[in-house]
Amino acid sequence: MSIRLENVFFSYLEGTPTSQAALRNVSLEIEDGEFVGLIGPTGSGKSTLIQHFNGLLKPDSGKVFVDGVDLTLKDTQLRLIRQKVGMVFQYPEHQLFGETVLEDVGFGPRNGGLSEEEIVKRVREALAYVGLDYEVLKDQSPFELSGGQKRRVAIAGVLAMRPSVLVLDEPTAGLDPAGREEILAEIKQLHDEGGITVVLVTHSMEDVARFADRLIVMEQGTIALDGTSLEVFGQAGRLKDMGLGVPEITELMYELKAHGLDVDTEILTVAEAEAEIIRVMGWGCQK
Amino acid sequence: MRMLRSVTIGQHIPGDSLIHRLDPRTKILSSIVLIVLLFVVKGFIGYGLVALGIALVVRASNIPLRFVLRGVRPLMVILVFTLTLHLFMTDGRIIFQIWFLKVTWEGLIRGLMMGTRLLLLIIGTSMLTLTTSPMQLTDGIETLLRPGKKIGIPAHELAMMMTIALRFIPTLLEETEKIMKAQMARGADFQSGGITQRAKSLIPLLVPLFVNAFRRADDLAIAMEARGYRGGEGRTKLRELKFQRSDMMALGFVLAFALVVGAFF
Amino acid sequence: MREPLIRFTDVNFIYAKAHGGEGLAALKDVNLDVFEGEFVAVLGHNGSGKSTLAKHVNALLTPTSGQVIVDGLDTVDQEKVWEIRQKVGMVFQNPDNQLVATTVEEDVAFGPENLGVPSLEIQSRVTSSLEAVGMLSYRLHSPHQLSGGQKQRVAIAGVISMLPKCIVLDEPTAMLDPNGRSEVMSTIHSLNREKGITVLHITHHMDEVIGADRVIVMDEGRIVLQGTPREVFSQVELLRSLHLDVPQVTDLAERLRKRGFEIPQGTLTVNEMVMLLCPSD
Chain A
1 MSIRLENVFF SYLEGTPTSQ AALRNVSLEI EDGEFVGLIG PTGSGKSTLI QHFNGLLKPD
61 SGKVFVDGVD LTLKDTQLRL IRQKVGMVFQ YPEHQLFGET VLEDVGFGPR NGGLSEEEIV
121 KRVREALAYV GLDYEVLKDQ SPFELSGGQK RRVAIAGVLA MRPSVLVLDE PTAGLDPAGR
181 EEILAEIKQL HDEGGITVVL VTHSMEDVAR FADRLIVMEQ GTIALDGTSL EVFGQAGRLK
241 DMGLGVPEIT ELMYELKAHG LDVDTEILTV AEAEAEIIRV MGWGCQK
Chain B
1001 MRMLRSVTIG QHIPGDSLIH RLDPRTKILS SIVLIVLLFV VKGFIGYGLV ALGIALVVRA
1061 SNIPLRFVLR GVRPLMVILV FTLTLHLFMT DGRIIFQIWF LKVTWEGLIR GLMMGTRLLL
1121 LIIGTSMLTL TTSPMQLTDG IETLLRPGKK IGIPAHELAM MMTIALRFIP TLLEETEKIM
1181 KAQMARGADF QSGGITQRAK SLIPLLVPLF VNAFRRADDL AIAMEARGYR GGEGRTKLRE
1241 LKFQRSDMMA LGFVLAFALV VGAFF
Chain C
2001 MREPLIRFTD VNFIYAKAHG GEGLAALKDV NLDVFEGEFV AVLGHNGSGK STLAKHVNAL
2061 LTPTSGQVIV DGLDTVDQEK VWEIRQKVGM VFQNPDNQLV ATTVEEDVAF GPENLGVPSL
2121 EIQSRVTSSL EAVGMLSYRL HSPHQLSGGQ KQRVAIAGVI SMLPKCIVLD EPTAMLDPNG
2181 RSEVMSTIHS LNREKGITVL HITHHMDEVI GADRVIVMDE GRIVLQGTPR EVFSQVELLR
2241 SLHLDVPQVT DLAERLRKRG FEIPQGTLTV NEMVMLLCPS D
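Note that the protein sequences, when read in sequence, are chains A, B and C. Numbered per our numbering, the first sequence spans residues 1 to 287. Numbered per our numbering, the second sequence spans residues 1001 to 1265. Numbered per our numbering, the third sequence spans residues 2001 to 2281.
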């Protein structure tokens, strides 16, 4: 399932003196099965952009297509679109409301009018995706869970709608390294094994370098860069000007090259860097 | 939501006029005097004089007239309602009659008087909120209520509550919007359906809103304690309110004006 | 030997059942000295006890057993609580939930107001505190108009206006974007350097620890590792086992060292690494 934006303009408080352009002439296409990293400084329009993917915001002008359906048309059933494009907002645990985990995670399917039996099936499956046990948790209050569990329950609430596209806005914000790794691994698994298209909004260059096939960089409401991770991180200077960095390991390779060591700079992970340095400098011999 | 926003934040217009510089207590007391005066005055000459007085204050505050009148607009319905009620419901000499509805001279005069009274009340008191920041207003109320402590009026606590409410209203509004969007993304519908259906659809919105508000309150209480807060006792102020000569003069003038107008008209 | 500003002696703390279930022990036999002017970073994953440790420093919590002394004052002494809170300021994680007032300057004044400082003095403290965190031009703004990093800087100003000897920051950057994080980090480093304020910085971001004088690593309520950043980061395996990250450069250095490269343990920054691999430069 693809998402396509054509010349989208959007501004908050349109028609008032304080109107601010949040998106300016954005066109992009996200194909089925991609893992896209969406990065950019705060206020660059990332959150505004993703809210166009499921019709929470409508463009002032331009078109948005999901699976070929035009979201800007009046009679489009947005509810159906929102089942297909699941969206996990920042700090999703702050949106929990159910008396039980079952009620909360089942909220989406229930809104979709599914049978009770089907709802239970979906909840079980969604909780399993995020590494939680349905039998243990179904009757517990989500408010009594630990911080990390709460976030997973909230993410399961979106997965229970069986979306084909999953959009996550900083899903690891505020978590410690262990919690971050677990969530990221689960997202990766959803993509690789579940075949879900993923759009990951994040501030962590290291994370997108590890997971995303494609990076989209937003700056002041426009798409500044769009390409593979290597292509985008190849523009280190440009990223720095925007107040963004490249992964530390990539930066190191650039610095080594600048200091006369003939290394390849197309490096995104520590393991790659290790292999490259050994290739150039030889096994265990230092000059 | 927008209305709540305009009521709570959109009122105050910063400035440096004579009226802006007055002590908030002067302005609060003057507003009270105005309210009393409007209930004492019974004739159009009196209302005319009060209107003149308010006009002078508006002029001195340098606040554009459209901002002053903006405050009247939401209350227009009540104004029209009052006028109509008096127009039709008062007995007396009939001007004309449609079926059972009689319009009388007395009703017309009463209606106009009530309408004028209400209008002057709104404009007069809105001068207080237009020229005084919420912070000054709370400070003023706190100091004025302080003598009431002996009879159990918690002046400081009330002021603190007002401050915190003002501080967190924008935060909570933002949060409401965020939660609504998140639930809409999961297929929630806040618009359609009957009354019970709609009330039910509010649960996924209200529960997290309250849970988060309590969490914030907890955090805030700890933060306040860590910063040495322990009630109003022994607290000082960034800016102590100072009753200056201009305040004495302003208050004296308002009182004298009120006495003369109240006694003779 | 000089007296420490903060001294923890055999501190144990057990959360009451009402707070965290089955009488959970959050601190176990903690001994710690922090000296005036030090920049100490406390690392640990969620639930390691680092926040509980922080709350002990200004008497928001008091030990179940053991003793915490702050500038000569015992934190269990009810009479001295307010004096301790003046000496030790605290900044918390959520930038939205610690600002009290409707304008920046009123908020910075909140602490000194509570201490009963005279008005004129408060005004000058507000000005100098806002200047110190680079937020003076925002003094009349309302908190909700500020970015996360700016709110945290205001919160820091609100603490230093009480003229504390020490600031404890409990994960002040956890909810901020990279720009906000670097704003806050450079602010606290400059306060430490220029005003000599002791800093206890609690975090799980490894890169924020590199500039500290001393790093303390906590796990399950205990201090498990302590030393300079270099010493701590040379324990890559231990840190991993505690579910903590190491910076990518440190990770690489460790891998290369194992392959026979002559790279010292605990190599921390890109520059150090470049110097090591290209010594001719």
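Ideal Cβ positions, reconstructed from N, Cα and C, are used throughout, including at glycine.
Under the assumption that residue i contacts residue j (Cβ atoms under 8 Å), give the Cβ distance between them as a whole number of angstroms.
i	j	result
A:Val270	C:Gln2235	Their Cβ separation, rounded to whole angstroms, is 17 Å, which puts A:Val270 and C:Gln2235 out of contact at 8 Å.
A:Thr76	A:Lys63	Wrong, their Cβ atoms sit about 11 Å apart, outside the cutoff.
B:Ala1060	B:Leu1018	5 Å
A:Leu168	A:Val201	7 Å
For residue i, which residues in chain C fall below 8 Å Cβ to Cβ?
i	result
A:Val270	Gln2248, Asp2251, Leu2252, Arg2255
A:Gly206	Just to set this straight, residue 206 of chain A is Glu in the shown sequence, not Gly. Gln2248, listed in chain order.
When you compare the CB positions of residue i and residue j, do they come within less than 8 Å of one another, or not?
i	j	result
A:Ile39	A:Ile3	no
A:Phe35	A:Ala212	yes
A:Leu56	B:Met1224	no
C:Asn2058	C:Ile2084	yes
B:Ala1155	B:Arg1146	yes
B:Gly1124	B:Leu1087	no
C:Asp2096	A:His203	no
B:Leu1130	B:Val1033	no
B:Thr1084	B:Leu1118	no
A:Gln90	A:Gly112	no
C:Pro2229	C:Leu2268	yes
C:Val2042	C:Ile2216	yes
B:Thr1104	B:Gly1115	no
B:Leu1022	B:Ser1246	yes
A:Met205	A:Pro247	yes
C:Gly1960	C:Pro2164	The structure shown does not extend to residue 1960 of chain C, since chain C spans only 2001 to 2281, so no value can be given for it.
C:Leu2252	A:Glu274	yes
Give a yes or no on whether the minimum CB-CB distance between residue i and chain A is below 8 Å.
i	result
C:Asp2281	Residue placement at C:Asp2281 is poorly supported in this model, since its pLDDT is 49, which falls under 50; the coordinates are not used for a value here.
B:Ile1019	no
C:Ala2174	yes
B:Ala1223	no
B:Asn1062	no
What does residue i reach in chain A if we use C-beta pairs closer than 7 Å?
i	result
B:Ile1203	Phe97
C:Asp2177	Thr42, His203
So which residues on chain B does residue i lean against when the C-beta distance must stay under 8 Å?
i	result
C:Gly2158	Arg1227
Residues of chain C with CB under 7 Å from residue i, in chain order?
i	result
B:Lys1237	Glu2113, Ser2119
A:Ile278	Arg2259
A:Glu255	Val2270, Val2274
Taking residue i as the query, report the chain A residues whose CB atoms sit under 9 Å from its CB, ordered along the chain.
i	result
C:His2045	Asp176, Pro177, Ala178, Gly179
C:Ser2147	Thr42, Gly43
For residue i, go through chain B and note every residue whose CB falls closer than 7 Å to its CB, in chain order.
i	result
C:His2144	Pro1170, Thr1171
C:Gly2116	Gly1234, Arg1235, Thr1236
C:Gln2106	The sequence as given places Glu at residue 2106 of chain C; Gln does not occur at that position. Ordered by position in chain B, the residues that pass the 7 Å Cβ test against C:Glu2106 are Met1135, Leu1238.
Give a yes or no on whether 8 Å exceeds the smallest Cβ distance from residue i to chain C.
i	result
A:Pro92	no
B:Thr1176	no
B:Glu1240	yes
B:Ile1141	no
What do you reckon, is the C-beta of residue i under 7 Å from a heavy atom of the ligand SAM?
i	result
B:Ser1126	Judged by which ligands are present, the structure shown has none, so any question about the ligand SAM falls away.
Can you list the residues of chain B that residue i reaches, using a CB-CB cut of under 9 Å?
i	result
A:Met87	Lys1181, Ala1182, Ala1185, Arg1186
Against residue i, what residues of chain A qualify as contacts under a CB-to-CB distance less than 8 Å, listed in chain order?
i	result
B:Pro1208	His94, Gln95, Leu96, Phe97
Counting only Cβ pairs nearer than 9 Å, list the residues of chain C close to residue i.
i	result
B:Asp1219	Phe2092, Gln2093, Asn2094, Asp2096, Asn2097, Gln2098
B:Arg1025	In chain order: nothing, as chain C lies at least about 17 Å away.
Taking Cβ positions only, does residue i come closer than 8 Å to chain B?
i	result
C:Gly2021	Confidence at C:Gly2021 is low in this model, with a pLDDT of 49, below 50, so the placement of that residue is unreliable and no value is reported for it.
C:Val2232	no
C:Ala2025	no
A:Leu114	no
Worksheet item: Is the region 140-156 of chain A touching the region 84-103 of chain A in the sense that three or more CB pairs, one from each, lie closer than 8 Å?
Response: With a cut-off of 8 Å, the region 140-156 of chain A and the region 84-103 of chain A count as touching, because enough Cβ pairs lie within range.
Worksheet item: Between the region 2060-2077 of chain C and the region 2247-2264 of chain C, do three or more beta carbon pairs fall short of 8 Å?
Response: Three or more Cβ pairs closer than 8 Å define a contact, and the region 2060-2077 of chain C falls short of that threshold against the region 2247-2264 of chain C.
Worksheet item: With a cut-off of 8 Å, do at least 3 Cβ pairs link the region 2172-2190 of chain C to the region 2221-2232 of chain C?
Response: no
Practice prompt. Decide if the region 45-59 of chain A is in contact with the region 238-249 of chain A; the criterion is three or more beta carbon pairs, one per stretch, under 8 Å apart.
Written response: no
Practice prompt. Determine, using beta-carbon pairs with one atom in the region 138-154 of chain A and one in the region 2145-2155 of chain C, whether at least three such pairs fall under 8 Å.
Written response: no
Worksheet entry | the region 2191-2200 of chain C contacting the region 2028-2039 of chain C, beta-carbon criterion three pairs below 8 Å | yes
Worksheet item: So does the region 1018-1027 of chain B actually touch the region 1247-1254 of chain B, counting three or more Cβ pairs closer than 8 Å?
Response: yes
Worksheet item: Three or more C-beta pairs closer than 8 Å, one from the region 169-179 of chain A and one from the region 133-146 of chain A: is that the case here?
Response: The way I'd put it, the region 169-179 of chain A doesn't touch the region 133-146 of chain A; fewer than three beta-carbon pairs between them come closer than 8 Å.
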